[in-house]
Structure formats: structure tokens, C-alpha cells
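Student: Residue numbers (the numbering used here), protein chains in the order written: chain A, 199 to 337; chain B, 199 to 337; chain C, 199 to 337.
Ideal Cβ placement from N, Cα and C applies to all residues, glycine included.
The structure displayed is predicted, hence computed values, not measured ones.
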């Protein structure tokens with residue numbers, strides 16, 4: 199069994215940002231030399247997500263509006279968590295809808311994807327360094 | 199390490215449909231001859247889901263009503279994505295709530311399930327061919 | 199390839215309860231003697247979740263209020279599932295938002311976590327025995 203573990207760091211300029219990270223993950227899969235196996239990609243923070251969806255600019259804006267409606271940032275006093283002095287309770291909730299991680303099949307040395315699958319890093323409380331983990335396991 | 203990769207195709211008659219695919223996945227696990235390992239099942243499209251829940255007819259109707267309330271199809275103009283000429287933005291959102299994939303333990307050659315766990319394909323933008331991927335990895 | 203499979207049982211006194219189970223999972227990872235691999239943790243029931251988020255008391259109360267708003271328990275007659283005589287349709291829905299499972303990287307013999315990641319069992323229909331599955335696979 200082969201395995202490779204990599205950490206990527208993101209620092210967004212805005213609180214909310216969705217970033218297509220597919221090329222970075224493809225590079226790690228090539229480097230792993232795994233032909234058959236799986237690739238785990240997860241956020242190492244609890245106010246951001248890894249998810250797979252379509253890379254379409256209108257849709258990415260729809261996601262932001264929709265998440266803001268389901269888990270609004272303001273008023274920040276609506277959340278007990280924010281009594282700690284933080285203001286990011288909404289980001290902890292948004293992350294549950296969008297998910298922490300994805301597990302992707304590797305077949306014949308590549309991410310085994312449908313035609314529109316793209317991997318996103320979803321940042322809901324940015325403006326600081328945050329990490330994701332990529333682990334490839336297989337043969 | 200053994201591995202097996204299979205693709206299943208679904209074509210629903212309605213836009214929204216939840217289909218119990220447990221028997222198809224069990225068949226692939228038997229075929230893999232893996233005794234201890236994991237089984238990844240994921241949608242290869244970004245407007246459908248794989249998820250595990252109970253196979254109870256009333257509950258499946260509750261899911262449809264609930265998802266329609268959280269991410270309504272109409273009015274389609276409420277989503278920027280639909281300016282592309284598509285009308286399926288809601289399906290991209292519904293899929294985030296229900297999830298892309300599941301990872302299931304295989305123990306002693308079988309899906310290691312609790313008494314009510316059933317695997318579903320969740321179609322939110324059907325009436326055309328769509329694929330799922332099944333990958334079994336183990337020994 | 200090594201693998202280990204364990205089952206943990208929970209019985210909460212309240213219908214809704216979020217329990218930090220990180221120490222129990224760390225113990226199983228140590229016992230597995232796996233250095234590089236993955237750890238799957240999943241609920242074996244369809245009205246509870248495994249998820250990773252922050253262990254902060256205010257946040258845990260925020261989760262309860264937020265989930266109750268997105269998938270309310272009462273009035274129970276709003277759900278067709280409850281015509282079966284059960285009253286837990288909301289728990290089936292809450293579990294979809296919070297997720298069934300998590301897959302965690304194991305690196306150098308430990309759960310490869312960011313600074314605030316904690317594993318939770320999310321019970322949405324408690325007051326009876328329910329099980330989770332932990333499977334470690336690797337080398």
C-alpha cells in the first residue's frame with residue numbers, strides 16, 4: 199500500500215470565498231503514483247468546507263446567497279457562540295451544509311470524475327491562513 | 199490490496215426521484231471478493247446525491263417536500279445560474295444538503311450496516327442518463 | 199493491509215444530544231497500530247450523525263436551535279413518515295444536514311487533525327441504544 203499526505207494553505211481576502219482547487223489535487227495524485235485507490239481531501243478547520251460541484255460563476259454566487267439565507271452572519275448576537283467574542287458562528291453552520299471532506303476514487307492513476315465534477319475549497323470565515331489535508335492511499 | 203470499480207447508469211422519468219440502490223451495491227461487493235475494506239459510492243453528476251437513510255415511503259415524500267422548501271425549483275429566475283439557459287440551480291443546492299458520496303465499511307465480506315441503513319440515489323434533475331461510481335478497496 | 203472494526207453504543211437521556219467522542223476514536227486508532235491510512239466513523243442508525251466541528255458549549259446550543267428551525271420536530275403531523283406511528287421524521291432530516299459519517303486521515307499513527315477538529319456523535323432521536331461503527335484501514 200502506498201500513501202502520500204500533503205497540506206495546502208489558503209488565505210482569502212474576503213470572509214466568504216469558493217475556490218476551485220482541482221488542479222492542485224490532480225498534481226498530488228500524479229505525484230503519489232497511486233493507480234487504484236482513494237483520495238481524501240478535507241478542511242482542517244471547522245469554519246470551511248471541501249465539496250464537489252460545478253464551476254459556474256452564477257452558481258457560485260447562488261451558493262453564497264443561499265447559505266447566507268440558511269445560516270445568516272448577522273445579527274451576530276443571535277448565536278450563543280459569538281458571546282465568546284468571536285463573530286463566526288454562522289461559518290460553523292454553513293460548513294455543516296457544505297461538508298468537511300470528500301473521498302474521490304482514483305482509477306488508472308487519475309481522479310475518476312464525471313464531466314462537471316470540480317473540487318472546491320469553501321471559505322466561510324477567511325482573511326487568515328487555513329489549511330486543508332490531502333491524503334492518497336492505494337497501489 | 200484488491201480493488202474493483204463499477205459504473206451504474208440511471209435515467210429517471212421524473213425530475214425528482216429517490217431510488218434504493220442497496221441490492222446493486224451488495225452485488226458489486228460480493229463480486230469484489232473483498233473481506234475487509236471500504237466501499238465508496240458517489241454520484242458522478244453535480245445535481246444528484248448518494249445518501250443513506252430509511253426506505254419508508256412517507257419519509258421519501260417528506261424529503262422531497264423538505265428539500266423543495268429549503269432549495270425551491272421555482273421561480274427559476276431567483277438563481278443566477280439559470281441565466282445560462284439551464285433551470286437546475288435548485289438541484290445543485292439540494293445535492294449539497296443530501297451529499298455527493300458515502301463510504302461504507304466492508305466487514306467479513308459484507309456491507310457493515312445497521313438494521314435500517316439503505317443506500318439511495320437521489321436524483322434532483324432527472325429525465326436523462328446519469329452515472330454513479332462504486333469503488334471497493336480492501337483485502 | 200491492516201484493519202480493525204469496533205462498535206460503540208450510546209444511550210442518551212434526551213432526544214437531542216451532541217457528544218464529543220474524540221477520545222474513544224483516538225483509543226481505537228492507537229489499538230489498530232495503523233501508521234498511515236484512514237479511519238471511517240459512521241452512525242449505524244438513520245436518525246443520528248457523525249460530524250466534525252468545534253467543542254464549544256455555546257456553539258452546540260446554536261446547532262440545536264438552528265437544526266430545530268430547519269427541520270422542526272413539531273407539529274409532528276406535518277410529516278407523512280409520522281403516520282407510521284413514529285414521531286421522528288425530523289431526526290431523519292436533521293441527520294442529512296449533519297451527515298452520516300466522517301473519514302479521517304491517519305498520519306504517523308494519529309488522527310491527522312487541525313487544532314479545533316473534534317468528532318461528535320449527534321443524536322436526534324435518543325433515549326435508546328444506538329451504535330456507531332469505527333473502521334481503521336491502512337499499514
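Could you tell me which residues DSSP pairs with residue 235(B) in its beta bridges?
Tutor: DSSP lists 304(B) and 336(B) as partners of residue 235(B).
Student: Is there a Cβ from chain B that is less than 7 Å from the Cβ of residue 251(A)?
Tutor: Interface residue, yes.
Student: For chain B, find out if any of its Cβ atoms is closer than 7 Å to the Cβ of residue 281(A); answer yes or no.
Tutor: No, its Cβ sits nowhere closer than 7 Å to a Cβ of chain B.
Student: Check the Cβ of residue 201(A) against every Cβ in chain C and list those closer than 8 Å, keeping chain order.
Tutor: Result: 234, 235, 336 and 337.
Student: Counting only runs that start and end within the region 269–320 of chain A, where is the alpha helix (DSSP H) found for 4 or more residues in a row?
Tutor: Those alpha helix (DSSP H) runs which fall completely within the region 269–320 of chain A and span 4+ residues are 287–296.
Student: Can you tell me which of 227(A), 297(A), 260(A) and 258(A) puts its alpha carbon nearest to the alpha carbon of residue 204(A)?
Tutor: Comparing Cα positions, the closest option is 227(A).
Student: Determine the DSSP secondary structure at residue 261(A), reduced to helix, strand or coil.
Tutor: Three-state DSSP puts residue 261(A) in a helix.
Student: Taking contact to mean at least 3 C-beta pairs separated by less than 8 Å, is the region 251–258 of chain B in contact with the region 278–291 of chain B?
Tutor: Too few Cβ pairs lie closer than 8 Å, so no.
Student: Secondary structure at residue 326(A), three-state DSSP: helix, strand or coil?
Tutor: Looking at residue 326(A) - three-state DSSP - the assignment turns out to be coil, as it is neither helix nor strand.
Student: Run through chain B and tell me which residues come within less than 7 Å of residue 295(C), C-beta to C-beta.
Tutor: 295, listed in chain order.
Student: As a quick exercise: from 331(B), 334(B), 332(B) and 316(B), pick the residue whose alpha carbon is nearest that of residue 216(B).
Tutor: Residue 316(B) is the option with its Cα nearest to residue 216(B).
Student: Among 279(A), 214(A), 283(A) and 202(A), which has the Cα closest to the Cα of residue 225(A)?
Tutor: Checked all of 279(A), 214(A), 283(A) and 202(A); the closest Cα to residue 225(A) is 202(A).
Student: Could you tell me which of 212(B), 234(B) and 206(B) sits nearest to residue 221(B), measuring between CA atoms?
Tutor: The option with the nearest alpha carbon to residue 221(B) is 206(B).
Student: Does the region 229–244 of chain B touch the region 293–311 of chain A, meaning 3 or more C-beta pairs lie closer than 8 Å?
Tutor: Because the criterion of three Cβ pairs below 8 Å is met, the region 293–311 of chain A and the region 229–244 of chain B touch.
Student: Tell me whether residue 269(B) is buried or exposed, calling it buried when 16 or more other Cβ atoms sit within 10 Å of its Cβ.
Tutor: Buried: at least 16 other Cβ atoms inside 10 Å.
Student: Can you pull the chain B neighbours of residue 332(A), defined as C-beta to C-beta under 8 Å?
Tutor: The premise fails here: residue 332(A) is roughly 16 Å from chain B at the closest Cβ pair, so nothing lies under 8 Å.
Student: Indicate whether at least one CB of chain B lies closer than 7 Å to the CB of residue 309(C).
Tutor: No - not a single Cβ of chain B is within 7 Å of the one on residue 309(C).
Student: Where do the ends of the beta strand (DSSP E) carrying residue 207(C) lie?
Tutor: Counting along the chain, the beta strand (DSSP E) containing residue 207(C) begins and ends at 200–208.
Student: Since residue 298(C) meets chain B, which of its residues come closer than 7 Å, beta carbon to beta carbon?
Tutor: The contacting residues are 250 and 300.
Student: Where does residue 212(C) fall in DSSP's three states?
Tutor: In this structure, residue 212(C) counts as coil in the three-state DSSP scheme.
Student: Looking at chain C, which residues of the region 253–279 of chain A have a Cβ within less than 8 Å of any of its Cβ atoms?
Tutor: Those residues of the region 253–279 of chain A that come within reach of chain C (Cβ to Cβ, closer than 8 Å) are 268, 269, 277, 278 and 279.
Student: Check this for me: beta carbons of residue 320(A) and residue 278(B), under 7 Å apart or not?
Tutor: Taking 7 Å as the Cβ cut-off, residue 320(A) and residue 278(B) do not qualify as a contacting pair.
Student: Please identify the residue among 282(C), 261(C) and 233(C) whose C-alpha is closest to the C-alpha of residue 199(C).
Tutor: Ranking 282(C), 261(C) and 233(C) by Cα distance to residue 199(C) puts 233(C) first.
Student: Within a Cβ cutoff of 6 Å, which residues of the same chain sit near residue 327(C), ignoring the five residues on either side of it in sequence?
Tutor: Cβ within range, chain order: 207 and 209.
Student: If you run the structure through DSSP and keep just helix, strand and coil, what is residue 244(A)?
Tutor: Residue 244(A): coil per DSSP, three-state reduction.
Student: Looking at residue 292(B) and residue 311(B), is the spacing between their C-beta atoms short of 7 Å?
Tutor: The answer is no: Cβ separation not under 7 Å.
Student: Considering only the alpha carbon of each residue, which of 335(B), 218(B) and 276(B) lies closest to residue 308(B)?
Tutor: Out of 335(B), 218(B) and 276(B), 335(B) has the C-alpha closest to the C-alpha of residue 308(B).
Student: Using a threshold of 7 Å, state whether the C-beta atoms of residue 294(A) and residue 296(C) are closer than that.
Tutor: Against a cut-off of 7 Å, the Cβ pair of residue 296(C) and residue 294(A) comes out as a contact.
Student: Where does residue 255(A) sit, in a helix, a strand or coil, going by DSSP?
Tutor: Helix, per DSSP.
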